[in-house]
Amino acid sequence: METKQQLPNATLVLIFGITSIVTCFCYGILGLIFGVIALVLAKKAKDLYLVNPELYLGYDNLKAGKICAIIGVILSSLYLFVIIGYIIFMGAMLPWSEILNS
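The numbering of the sequence shown is numbering that gives the first Met the number 0, which starts it at 0 and goes up by one.
Now the structure itself:
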């Protein structure tokens, strides 16, 4: 009887997914980085699991990490768009005529 082994990178996907949510308000960039890395690792681990599912444990960690990564990417993207919109709005509020005339 073969012993089951832990699915490679399942725990790392979970950690990166949670980190993506935690860091999503760091101007959106850190959350996006961790979220995208977690999604790429989750895709590779899922493909490995689907080839031979009876060999691996930890698929639940992989699913939870992927969900956290998706949430983190969405929140980070929204926050990044808010920051960009705020910068554009504040730039439009500057007194450009006075700046250009001086």
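Glycine included, each C-beta is placed from N, C-alpha and C at the ideal position. Remember, predicted model here, so these are calculated numbers, not experimental data.
{"Item": "Kindly indicate which residue of E97, S101, K42 and P7 has the alpha-carbon position closest to the one of I69.", "Value": "K42"}
{"Item": "Using DSSP with H/G/I as helix, E/B as strand and the rest coil, what is Y85?", "Value": "helix"}
{"Item": "Across which residues does DSSP place L56 in a beta bridge pair?", "Value": "Q5"}
{"Item": "Considering only residues of the same chain and omitting the five flanking positions on each side of L56, which have a CB-CB separation below 8 Å?", "Value": "K3, Q4, Q5 and L6"}
{"Item": "Do G27 and S96 have their CB atoms nearer than 7 Å?", "Value": "no"}
{"Item": "In three-state terms, what does DSSP make of S76?", "Value": "helix"}
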